[in-house]
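J.: Here it is, the structure, as structure tokens.
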Amino acid sequence: MERFRRPSAEGELITAQPDPRQRAAQADGTPIASGNFRRYTLIGILVLVLGFGGFLLWAGTAPLAGAVISNGQVVIEGYRTTLQHLEGGIVESLNVEEGDQVEQGELLLELDDTQARSDLAVVESRLMTALGRRARLRAERDGDEAIDFPAALTDADDPGKAEEIMANQRSLFAARRQALETDLSLRAQRIEEFEEQIRGLNARLDAVDSQIASFNEEVDEWSGLVEDQLSDKQSLREARRRLYEYRGERGRLVSDIAGIRAQIASTRMERSLRQEEYDQTVATRLGEVQAEILDARARVIALRDKLRRTTVTAPVDGAVVGLQVHSDGGVVSPGNPLMDIVPRQRTLLVDARVQPDDIDDVQVGQATDLSFPALNTLFINNIQGDVVSVSADALTDEQNNESYYLVRIRVNEAGVETLRAEDFQLEPGMPVQAFIKTGSRSFLGYLIKPFTEMASRAFRES
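Mapping of the sequence shown onto numbering that gives the first Met the number 0: position 191 corresponds to residue 190, and the numbering continues sequentially without gaps.
Here is the structure:
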């Protein structure tokens, strides 16, 4: 080793003497730093082993939360309600303005109902008339002495109209009944007349029969006298002529009686046919009026619904937005939007788009953390929710043609309480980043998963 020199105070050089340990090390040839190097090396190795071992222990046992990350936006369950009108019409009164808060059932606007009321009055009158006709026809069918009108007429909202209809039906009932009874009575009278004629002819027939019997005896007597030559044949011929005349008259009487009996049978048949025709006509008209009643009732229901729709009311509590009607007297086209109602009591939902590769890890009921990038407040980034639905099939974005699954997430009670505590209101359309929790796994598991999947595929391919 070199000696080190330094100048003395007087300017002389002073030689530095070596340390005794250095001289001992130089004497046996051992390097001065070899012992320290081994010690430091061992310490370094021990630190590496302990550090790596600790890392492996932590990687194998420390749980790390997994999640499927997706983007979405806030929506409202049921969304906003768009009010439209089926038939359209003229606005009679507009009762709201843009941004007004309305209650469910509150009147928003009215359309002119003149035409609807007129159409309804016509059909209701037709229905009442048909009900009156049916009641009359039933009475005619059953042979009742009076008409039993339904409550729709006896307790009608328009008693004057109902009474007019019932009076007309009573009059028609009496007239038709009188006409039928008169017709049947005339035929019955004719039958009675015919029977009276038959009784007269029968009396004459009895008299003729007596004359025939008398002349038979007279002929027998004259025949005996002629045989005994006590009389000439002239008297016998006269007696036989008279007998033949009465027999001829009897034949005519029998024929007349038969003819009159045929007329009686024909008249009875006409009387029966008249009754059958009457009954058949009643039955046919009863079926027709029943069809009219069904049709009229259906039209009344439709027209009452149309009249009801002339008043537009709020379906839910909420705010009026997108008002398309601005003044009374305006014309509303059929099917065009009138306004939207944004519900006041809203269930907060998030529609998130999940990539098809991640959908296997998403199920209904999974817990979710919701983060709102548009907000910087710390508490807003930890809103809790739950998965409530997953689309059955992949959907396609029309703009970029990318496939995705629509996952709907509902903000749960804990999340709602967090928002309420901070007096914060989420609004539809607000962007959201959803962390759908898939469970916990060790860090080591995450590291070796790609290799295990690669190995699994390799074994399947082989």
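Each residue gets a CB set at the ideal place from its N, CA and C atoms; glycine is no exception.
No experiment lies behind these values; they were computed from the predicted model shown.
Please report the residue range of the beta strand (DSSP E) in which Met268 lies.
T.: Taken as a continuous stretch (DSSP letters only), Met268 belongs to no beta strand (DSSP E), being part of the alpha helix (DSSP H) at Lys232 to Arg307.
J.: Since Arg137 is in the beta strand (DSSP E), which residue starts that stretch and which ends it?
T.: Careful: Arg137 lies outside any beta strand (DSSP E), inside the alpha helix (DSSP H) at Thr113 to Asp141.
J.: May I ask you to report which of helix, strand or coil DSSP gives Glu426?
T.: Coil at Glu426, not helix or strand.
J.: In three-state DSSP terms, what is Val315?
T.: In the structure shown, Val315 sits in coil (DSSP, three-state: anything other than H, G, I, E or B).
J.: From Ile197 to Tyr245, what distance separates their C-alpha atoms?
T.: Distance between the alpha carbons of Ile197 and Tyr245: 18 Å.
J.: For Arg343, name the three-state secondary structure that DSSP assigns.
T.: Three-state DSSP puts Arg343 in coil, outside helix and strand.
J.: Is the separation between the beta-carbon of Leu152 and that of Ala138 shorter than 9 Å?
T.: Cβ distance not < 9 Å, so Leu152 and Ala138 don't count as in contact.
J.: Have a look at Leu200, Glu237, Gln233 and Arg203 and flag the residue whose alpha-carbon is nearest the alpha-carbon of Phe214.
T.: Of the listed residues, the one whose Cα sits closest to Phe214 is Glu237.
J.: Beta carbon of Pro427, beta carbon of Val48: below 9 Å?
T.: In this structure, Val48 does not lie closer than 9 Å to Pro427 by Cβ.
J.: Excluding the five sequence neighbours on either side, which residues of its own chain have a C-beta within less than 8 Å of the C-beta of Arg343, listed in chain order?
T.: For Arg343, where only same-chain residues beyond five positions count, the Cβ hits under 8 Å are Gln100, Val315, Asp316, Gly317 and Ala318.
J.: For Gln347, which residues of its own chain have a beta-carbon under 6 Å away from its beta-carbon, when the five flanking residues on both sides are left out?
T.: Checking the displayed sequence, the identity of residue 347 turns out to be Leu instead of Gln. Excluding residues within five positions, the ones whose Cβ falls inside 6 Å are Val410 and Leu425.
J.: Assign Thr29 to one of two classes, buried (16 or more other C-beta atoms within 10 Å of its C-beta) or exposed (fewer than that).
T.: In this prediction, Thr29 scores a pLDDT of 49, lower than 50, which makes its location untrustworthy; the coordinate-derived value is nonetheless stated afterwards. Counting Cβ neighbours within 10 Å, Thr29 comes out exposed, since fewer than 16 surround it.
J.: Let me know if Ser209 comes out buried or exposed under the rule of 16 or more other beta-carbons within 10 Å of its beta-carbon.
T.: Looking at its Cβ environment, which holds fewer than 16 other Cβ atoms inside 10 Å, Ser209 is exposed.
J.: Using three-state DSSP, classify Ile89 as helix, strand or coil.
T.: Three-state result, Ile89: strand.
J.: Measuring straight from C-alpha to C-alpha, what distance separates Arg135 and Ala120?
T.: In a straight line, the C-alpha of Arg135 is about 23 Å away from that of Ala120.
J.: For Arg407, which of helix, strand or coil comes out of DSSP?
T.: Here Arg407 sits in strand by DSSP.
J.: Do Val341 and Thr367 have their beta-carbon atoms positioned less than 9 Å apart in this structure?
T.: No, they are not a contact pair.
J.: So Ile420 is in the alpha helix (DSSP H); what residue range does that whole segment cover?
T.: With the sequence shown as reference, residue 420 is identified as Ala, and Ile is not the correct amino acid for it. Element bounds for Ala420: Glu412 to Ala420.
J.: Exposed or buried, Phe51, counting other C-beta atoms within 10 Å across all chains shown (16 or more means buried)?
T.: Per the 10 Å Cβ criterion, exposed.
J.: Could you tell me the alpha carbon to alpha carbon distance between Glu144 and Ser124, rounded to whole angstroms?
T.: Cα to Cα, the separation comes out at about 26 Å.
J.: What would DSSP say about Ile382, mapped onto helix, strand or coil?
T.: DSSP places Ile382 in strand when its eight states are reduced to three.
J.: With C-beta atoms as the reference, is Arg189 less than 9 Å away from Gln274?
T.: Going by C-beta atoms, Arg189 is not nearer than 9 Å to Gln274.
J.: How many angstroms separate the CA atom of Gly328 from the CA atom of Lys436?
T.: Looking at the two C-alpha atoms, the distance is approximately 57 Å.
J.: Quick one, which of Gln383, Ile146 and Pro333 has its alpha-carbon nearest Ile164's?
T.: The candidate whose alpha carbon is nearest that of Ile164 is Ile146.
J.: Assuming Pro336 contacts Leu110 (C-beta within less than 8 Å), just tell me the rounded distance between them.
T.: The pair is not a contact, with the Cβ atoms about 15 Å apart (cut-off 8 Å).
J.: Taking all protein chains shown into account, do 16 or more other C-beta atoms lie within 10 angstroms of the C-beta of Val46, making it buried, or fewer, making it exposed?
T.: Classification for Val46: exposed.
J.: Using beta-carbon positions only, say whether Val288 and Arg186 come within less than 9 Å of one another.
T.: Cβ distance not < 9 Å, so Val288 and Arg186 don't count as in contact.
J.: Whose C-beta lies closer than 6 Å to the C-beta of Phe193 among residues of the same chain, with five residues either side of it excluded?
T.: Closer than 6 Å at the Cβ level, and outside the excluded window around Phe193, lie Ile259, Gln262 and Ile263.
J.: Starting from Pro336, follow its DSSP beta bridges and name the residues at the other end.
T.: DSSP output for Pro336 lists Gln83 as bridge partner(s).
J.: Quickly, what does DSSP pair Val101 with across the bridge? List them, please.
T.: In the DSSP output, where bridge partners are listed per residue, Val101 has Gly317.
J.: In angstroms, rounded to a whole number, what distance separates the CA positions of Gly88 and Ala295?
T.: One C-alpha to the other measures close to 24 Å.
J.: What did DSSP end up calling Ala145 once you bin it into helix, strand or coil?
T.: Coil.
J.: Buried or exposed: Ala129, going by 16 or more other Cβ atoms within 10 Å of its Cβ?
T.: Under this definition Ala129 is a buried residue.
J.: I need the straight-line Cα distance from Val207 to Arg270, nearest angstrom please.
T.: Near 34 Å, if we compare the C-alpha coordinates of Arg270 and Val207.
J.: Taking the continuous alpha helix (DSSP H) assigned at Ala393, which residues delimit it?
T.: Ala393 -> no alpha helix (DSSP H), and no H or E assigned at all.
J.: How many angstroms separate the CA atom of Val363 from the CA atom of Ser370?
T.: Cα to Cα, Val363 sits roughly 20 Å from Ser370.
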